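The number in the working numbering is simply the position in the sequence shown, starting from 1, with 47 added.
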Amino acid sequence: MHARTAAVLLAVLAWAALLLQLFLSLGSDRGMLRGLSMFLAYFTVLTNLLVATVATFAAMRADGGIELRWRGCAVTAIALVGLGYHLLLRGEDIPPGPHSLANILLHYAVPTAALLWWIAFPPRNRIAASAPWSWLAWPAIYAAYALARGAASGFYPYPFIDVPALGLPRVLLNVAGLGVAFLLAGHALRAFANRRTKAVAQAS
48 MHARTAAVLL AVLAWAALLL QLFLSLGSDR GMLRGLSMFL AYFTVLTNLL
98 VATVATFAAM RADGGIELRW RGCAVTAIAL VGLGYHLLLR GEDIPPGPHS
148 LANILLHYAV PTAALLWWIA FPPRNRIAAS APWSWLAWPA IYAAYALARG
198 AASGFYPYPF IDVPALGLPR VLLNVAGLGV AFLLAGHALR AFANRRTKAV
248 AQAS
(Lines of atoms letter the chains of each structure in order from A; the text may use other names.)
(Lines give C-alpha, C1' and ligand atoms only; values in the text may rest on other atoms or scores of the structure.)
Protein backbone atom coordinates (compact mmCIF):
# COMPACT_ATOMS: atom_id res chain seq x y z
CA MET A 48 0.00 0.00 0.00
CA HIS A 49 1.23 3.50 -0.85
CA ALA A 50 1.34 6.25 1.79
CA ARG A 51 -1.18 8.27 -0.21
CA THR A 52 -3.64 5.37 -0.30
CA ALA A 53 -3.24 4.93 3.46
CA ALA A 54 -3.94 8.63 3.94
CA VAL A 55 -7.10 8.39 1.82
CA LEU A 56 -8.38 5.41 3.83
CA LEU A 57 -7.63 7.15 7.13
CA ALA A 58 -9.36 10.34 6.00
CA VAL A 59 -12.46 8.42 4.92
CA LEU A 60 -12.56 6.51 8.21
CA ALA A 61 -12.11 9.63 10.35
CA TRP A 62 -14.67 11.71 8.44
CA ALA A 63 -17.18 8.83 8.56
CA ALA A 64 -16.74 8.53 12.33
CA LEU A 65 -17.15 12.28 12.79
CA LEU A 66 -20.23 12.50 10.57
CA LEU A 67 -21.88 9.64 12.42
CA GLN A 68 -21.20 11.25 15.79
CA LEU A 69 -22.38 14.63 14.49
CA PHE A 70 -25.60 13.06 13.22
CA LEU A 71 -26.19 11.47 16.62
CA SER A 72 -25.38 14.71 18.47
CA LEU A 73 -27.66 16.85 16.31
CA GLY A 74 -30.46 14.29 16.54
CA SER A 75 -30.46 14.19 20.34
CA ASP A 76 -33.30 15.62 22.40
CA ARG A 77 -31.06 18.55 23.39
CA GLY A 78 -31.73 20.34 20.10
CA MET A 79 -29.41 21.04 17.19
CA LEU A 80 -27.50 23.98 18.63
CA ARG A 81 -26.97 22.28 21.97
CA GLY A 82 -26.04 19.08 20.18
CA LEU A 83 -23.43 20.89 18.06
CA SER A 84 -22.06 22.59 21.16
CA MET A 85 -21.70 19.24 22.93
CA PHE A 86 -20.15 17.68 19.81
CA LEU A 87 -17.42 20.34 19.85
CA ALA A 88 -16.78 20.00 23.58
CA TYR A 89 -14.75 16.80 23.48
CA PHE A 90 -11.03 16.29 22.89
CA THR A 91 -11.91 13.01 21.18
CA VAL A 92 -14.02 14.74 18.53
CA LEU A 93 -11.64 17.64 17.98
CA THR A 94 -8.65 15.31 17.70
CA ASN A 95 -10.48 13.07 15.24
CA LEU A 96 -11.21 16.27 13.32
CA LEU A 97 -7.49 17.10 13.37
CA VAL A 98 -6.64 13.61 12.09
CA ALA A 99 -9.28 13.82 9.36
CA THR A 100 -7.96 17.20 8.23
CA VAL A 101 -4.30 16.15 8.25
CA ALA A 102 -5.08 12.89 6.45
CA THR A 103 -7.12 14.80 3.85
CA PHE A 104 -4.24 17.15 3.12
CA ALA A 105 -1.89 14.15 3.05
CA ALA A 106 -4.14 12.39 0.54
CA MET A 107 -3.78 15.34 -1.83
CA ARG A 108 0.02 15.09 -1.89
CA ALA A 109 1.97 12.76 -4.15
CA ASP A 110 4.11 11.49 -1.25
CA GLY A 111 1.09 10.82 0.95
CA GLY A 112 1.91 13.78 3.19
CA ILE A 113 4.39 11.85 5.31
CA GLU A 114 6.31 15.05 6.07
CA LEU A 115 3.31 17.20 6.99
CA ARG A 116 4.19 19.34 10.00
CA TRP A 117 1.04 18.55 12.01
CA ARG A 118 1.09 14.83 11.28
CA GLY A 119 3.13 13.86 14.34
CA CYS A 120 0.92 15.97 16.57
CA ALA A 121 -2.25 14.42 15.15
CA VAL A 122 -1.00 10.85 15.50
CA THR A 123 0.28 11.43 19.04
CA ALA A 124 -2.99 13.03 20.12
CA ILE A 125 -5.24 10.38 18.60
CA ALA A 126 -3.10 7.56 20.01
CA LEU A 127 -3.62 9.04 23.47
CA VAL A 128 -7.34 9.39 22.78
CA GLY A 129 -7.51 5.65 22.28
CA LEU A 130 -5.23 4.80 25.18
CA GLY A 131 -6.85 7.31 27.53
CA TYR A 132 -10.34 6.09 26.74
CA HIS A 133 -9.37 2.46 27.22
CA LEU A 134 -7.68 3.10 30.57
CA LEU A 135 -9.88 5.85 32.05
CA LEU A 136 -13.31 5.99 30.43
CA ARG A 137 -14.28 2.69 28.87
CA GLY A 138 -16.67 1.86 31.73
CA GLU A 139 -19.11 4.49 30.45
CA ASP A 140 -22.59 3.26 29.59
CA ILE A 141 -22.88 3.53 25.79
CA PRO A 142 -26.25 2.70 24.18
CA PRO A 143 -26.03 -0.14 21.64
CA GLY A 144 -26.39 0.48 17.94
CA PRO A 145 -25.13 3.66 16.23
CA HIS A 146 -23.86 5.19 19.47
CA SER A 147 -21.72 2.15 20.17
CA LEU A 148 -20.43 2.16 16.58
CA ALA A 149 -19.48 5.83 16.78
CA ASN A 150 -17.72 5.19 20.07
CA ILE A 151 -15.70 2.32 18.58
CA LEU A 152 -14.78 4.33 15.48
CA LEU A 153 -13.69 7.45 17.36
CA HIS A 154 -11.86 5.76 20.23
CA TYR A 155 -10.43 2.61 18.65
CA ALA A 156 -10.64 2.41 14.85
CA VAL A 157 -9.28 5.87 13.99
CA PRO A 158 -6.50 5.79 16.63
CA THR A 159 -5.39 2.34 15.45
CA ALA A 160 -5.47 3.34 11.78
CA ALA A 161 -3.55 6.57 12.44
CA LEU A 162 -0.90 4.76 14.43
CA LEU A 163 -0.50 2.13 11.71
CA TRP A 164 -0.20 4.95 9.16
CA TRP A 165 2.71 6.38 11.14
CA ILE A 166 4.38 2.99 11.67
CA ALA A 167 4.05 1.92 8.03
CA PHE A 168 4.94 5.31 6.53
CA PRO A 169 7.06 7.33 9.00
CA PRO A 170 8.60 10.65 7.94
CA ARG A 171 11.77 10.29 5.87
CA ASN A 172 13.40 13.37 7.37
CA ARG A 173 14.77 13.28 10.89
CA ILE A 174 12.38 14.76 13.46
CA ALA A 175 13.90 17.33 15.81
CA ALA A 176 13.89 16.70 19.57
CA SER A 177 11.85 19.88 20.01
CA ALA A 178 8.98 18.59 17.84
CA PRO A 179 7.01 16.78 20.60
CA TRP A 180 7.13 20.01 22.64
CA SER A 181 5.52 21.91 19.78
CA TRP A 182 2.92 19.14 19.38
CA LEU A 183 2.00 19.72 23.03
CA ALA A 184 0.28 22.93 21.91
CA TRP A 185 -2.75 20.90 20.79
CA PRO A 186 -3.71 19.40 24.19
CA ALA A 187 -2.65 22.60 25.97
CA ILE A 188 -5.01 24.70 23.86
CA TYR A 189 -7.79 22.17 24.41
CA ALA A 190 -7.24 22.19 28.19
CA ALA A 191 -7.52 25.98 28.27
CA TYR A 192 -10.63 25.84 26.07
CA ALA A 193 -12.32 23.11 28.13
CA LEU A 194 -11.63 24.82 31.45
CA ALA A 195 -12.77 28.23 30.20
CA ARG A 196 -15.87 26.71 28.69
CA GLY A 197 -16.58 24.80 31.89
CA ALA A 198 -16.17 27.92 34.01
CA ALA A 199 -18.70 29.71 31.79
CA SER A 200 -21.24 26.90 31.36
CA GLY A 201 -20.66 24.54 34.27
CA PHE A 202 -20.13 21.61 31.90
CA TYR A 203 -16.85 19.71 31.97
CA PRO A 204 -16.63 16.96 29.34
CA TYR A 205 -14.31 14.67 31.31
CA PRO A 206 -14.39 13.71 35.01
CA PHE A 207 -10.65 14.33 35.47
CA ILE A 208 -11.09 18.03 34.59
CA ASP A 209 -14.30 18.55 36.59
CA VAL A 210 -13.27 21.59 38.65
CA PRO A 211 -16.36 21.70 40.92
CA ALA A 212 -15.91 18.02 41.82
CA LEU A 213 -12.12 17.88 42.14
CA GLY A 214 -10.98 21.43 42.76
CA LEU A 215 -8.75 23.48 40.48
CA PRO A 216 -5.38 22.31 41.96
CA ARG A 217 -6.24 18.64 41.37
CA VAL A 218 -7.50 19.37 37.87
CA LEU A 219 -4.32 21.26 36.99
CA LEU A 220 -2.29 18.34 38.32
CA ASN A 221 -4.31 15.96 36.15
CA VAL A 222 -3.76 18.19 33.11
CA ALA A 223 -0.03 18.30 33.82
CA GLY A 224 0.08 14.50 34.11
CA LEU A 225 -1.70 14.12 30.78
CA GLY A 226 0.74 16.62 29.28
CA VAL A 227 3.65 14.46 30.44
CA ALA A 228 1.97 11.40 28.92
CA PHE A 229 1.55 13.30 25.66
CA LEU A 230 5.23 14.27 25.62
CA LEU A 231 6.33 10.70 26.31
CA ALA A 232 4.11 9.40 23.51
CA GLY A 233 5.38 12.08 21.15
CA HIS A 234 9.00 11.26 21.89
CA ALA A 235 8.27 7.55 21.39
CA LEU A 236 6.76 8.20 17.97
CA ARG A 237 9.66 10.51 17.10
CA ALA A 238 12.23 7.89 18.17
CA PHE A 239 10.54 5.20 16.09
CA ALA A 240 10.46 7.40 12.99
CA ASN A 241 14.07 8.47 13.42
CA ARG A 242 15.24 4.88 13.82
CA ARG A 243 13.43 3.95 10.61
CA THR A 244 15.00 6.93 8.82
CA LYS A 245 18.47 5.92 10.01
CA ALA A 246 17.95 2.28 9.02
CA VAL A 247 16.80 3.25 5.52
CA ALA A 248 19.77 5.62 5.11
CA GLN A 249 22.24 2.93 6.17
CA ALA A 250 20.70 0.38 3.83
CA SER A 251 20.86 2.67 0.80
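Note that CB positions come from ideal geometry on N, CA and C, so glycine has one too. From a predicted model like this one, the values you see are computed outputs, not experimental measurements.
Own chain partners of residue i with C-beta closer than 6 Å, once the 5 adjacent residues on each side are dropped
i    : result
A235 : none
F202 : none
V128 : T91, T94 and P158
W185 : C120 and A124
A240 : P169, P170 and I174
I188 : none
Given residue i as reference, the closest of the options once Cα atoms are compared
i    : options                   : result
L136 : P186, P204 and T159       : P204
A156 : E139, H133 and I141       : H133
R242 : L194, L213, P216 and I174 : I174
P216 : R116, L194 and G233       : L194
R81  : L213, S200, A109 and A223 : S200
L67  : F86, R77 and W164         : F86
G197 : I188, P211 and A187       : P211
W164 : V101, L65 and S75         : V101
S177 : I188, G233 and D209       : G233
P179 : R116, D209, Y192 and L213 : R116
Pairwise C-alpha distance: residue j and residue i
i    : j    : result
A238 : L130 : 19 Å
G218 : F207 : Inspection of the sequence shows that residue 218 is occupied by Val rather than by Gly. V218 and F207: Cα-Cα distance of roughly 6 Å.
P143 : H154 : 15 Å
L83  : N172 : 39 Å
E114 : L60  : 21 Å
E139 : P145 : 15 Å
N221 : A190 : 11 Å
A250 : L57  : Bear in mind that the predicted position of A250 carries a pLDDT of just 47, short of 50, making it too unreliable to give a figure here.
L183 : A223 : 11 Å
T103 : I141 : 29 Å
R77  : A64  : 21 Å
Y192 : S181 : 18 Å
Contacting residues, own chain, Cβ-Cβ under 7 Å from residue i (five flanking each side not counted)
i    : result
G111 : H49, A50, R51, A53, A54, A105 and F168
W62  : A99
A228 : L127
L231 : none
L225 : P186
Residues near residue i by beta carbon distance below 8 Å, same chain, minus five either side
i    : result
I125 : T94, N95, L97, V98, V157, P158, A161 and L162
Short CB-CB distance (under 8 Å) between residue i and chain C
i    : result
A184 : Of the chains in the structure shown, none is chain C; there is only one protein chain.
Three or more C-beta pairs below 8 Å linking the segment 67 to 86 and the segment 135 to 152: yes
Decide yes or no for the touch test of the segment 110 to 120 against the segment 84 to 95: beta carbon pairs closer than 8 Å, at least 3 of them. Verdict: no, contact absent.
Touching or not, the segment 48 to 56 and the segment 155 to 171, by the rule of three or more beta carbon pairs under 8 Å? yes
Ignoring anything shorter than 4 residues, give me the alpha helix (DSSP H) runs that lie fully in the segment 125 to 204, in order along the chain. 145 to 151, 157 to 167, 178 to 182 and 184 to 200
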